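Quick note: the working numbering has the sequence shown finishing at residue 352, numbered continuously throughout.
Glycine included, each C-beta is placed from N, C-alpha and C at the ideal position.
Given the structure is predicted, the values throughout are model-derived calculations rather than measurements.
Accompanying notes for the structure given below.
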Amino acid sequence: MTLNSPKPTTRLTLAADEPTSRSGRKRKTPLSLSEKKKELARDAKNKAEMESTSDFEGDTSFLDESLLCLGSDDEFEDERLLDEAFLKKCGRRVMEVYNNVAKEYYDRIKKEEGPNFTKIVKKLPLRRYHTYDDSTPNELCLEPDDLSEFITHFKITDCRNMNAQRCGVRFLPALELRPRTAYWVHTECNIRADEEHRLSHIPFVSEDHDDKQFCAELRKLYDEGIHGADRGCDKYINDYIMFNMLEVLKADWEDRPNSEKVMDHIFYAIFKLFPNKLSHRQLVTARGDLEERFAPGRTPSKSTQELRSRSDQNFHSVNVLCCERCYQYDCVLHGIRQEANRMNTRKNL
């Protein structure tokens, strides 16, 4: 007598709140009219945000070249945690804000400082180092020399003492040799000189080493990069433009819950677009100094107050500066957290 085993039944793991049909498939829940309107409004809002961040004046071809492709070997641990797609989006937003701030900056210079510059230039004395207009030659007044003592003619005679050739002679007066002089001419315009594209402090290496490979390895030793090695977007930026640009960018993202993560992406995007200004680590603490220079009457923000309070506590606390394990100030081997844990355990005991 043979028995047939029942066929194994397949089970579907579904959530308890998801409605299912008799066949076990997920059934779509009907949406009300108000929910449909909310979903459409949400999609339209997301689409508008994407278009606003992607469309801006200027060429976007340099963004892919300026922003590093994340995940490569020459990056640091904090840079690998960044999102590449969101980083490019932040780069587009940074360039959009930069174009607006730079335009306002140049318009302000033309409006406020342009008339003053023209007045100062008009007051300068007219300097002419070359008389191009006066082309009349100057007459040389030389006194004639007494040539009676000198020979006036040369004669060439043959063997029979006959004049074969006769020519006149005129002697020139002897002049004293003058020393060589160097003339320095004032220039009223900037002269473009050749830039030095090579590092002057590179040590001597043998011929079997490749210079390009050695320079690539040398760049990895500097965490913040080498000044002038990367051009970025190749646009001019100063402290005033940087301050106003950070104000606009932080106003967009500072009140949101994930503002710290977003600002890390923005700081890194600014560093890659303007690598010769400030690093992405220096931009975090540079806002307080920029506020003191360009907005002295404003109260500092919460982030700057927290950074200053932390630095003040660290520099005015003996427990933090002095290491209890090696009894030295500014210890490099043992961190601050270990000392804090030891202090807490002693208090508990």
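Asked, Found
"Close Cβ partners of Phe153 (< 7 Å) along its chain, the five nearest in sequence each way excluded", "Phe174"
"Exposure of Arg296, with buried meaning 16 or more beta-carbon neighbours within 10 Å", "exposed"
"Assumed close pair Leu293, Phe274 - CB separation to whole angstroms, cut-off 8 Å", "Leu293 to Phe274, Cβ: 16 Å. No contact."
"Beta bridge counterpart(s) of Arg169 as assigned by DSSP", "Lys158"
"8 Å Cβ shell around Ser75 - same chain, five flanking residues per side excluded", "At Ser75, the pLDDT of 40 sits below 50, so the modelled position is not reliable and the matter cannot be decided from this model."
"Asn102 - containing alpha helix (DSSP H), residue span", "Glu87 to Arg111"
"Backbone secondary structure at Lys41 - three-state DSSP", "helix"
"Separation of Pro128 from Glu146, as counted between CA atoms", "39 Å"
"C-beta contact flag for Ile240 and Lys280 at 8 Å", "yes"
"Rounded straight-line distance, which links the Cα of Leu249 to that of Thr288", "12 Å"
"Other residues of its chain near Ala167: CB distance less than 8 Å, five sequence neighbours each side excluded", "Ile159, Thr160 and Asp161"
"Ser282 (DSSP reduced to helix, strand or coil)", "coil"
"Buried versus exposed, by CB contacts within 10 Å (16 or more), Cys72", "Residue confidence for Cys72 is low, a pLDDT of 39 falling below 50, so the modelled location carries little weight; the figure read from the coordinates is stated next. Classification for Cys72: exposed."
"Simplified DSSP assignment, three categories, for Trp256", "helix"
"Contact the stretch 263–270 vs the stretch 217–226: 3+ CB pairs below 8 Å", "no"
"Rounded separation between His212 and Ala219 - CA only", "12 Å"
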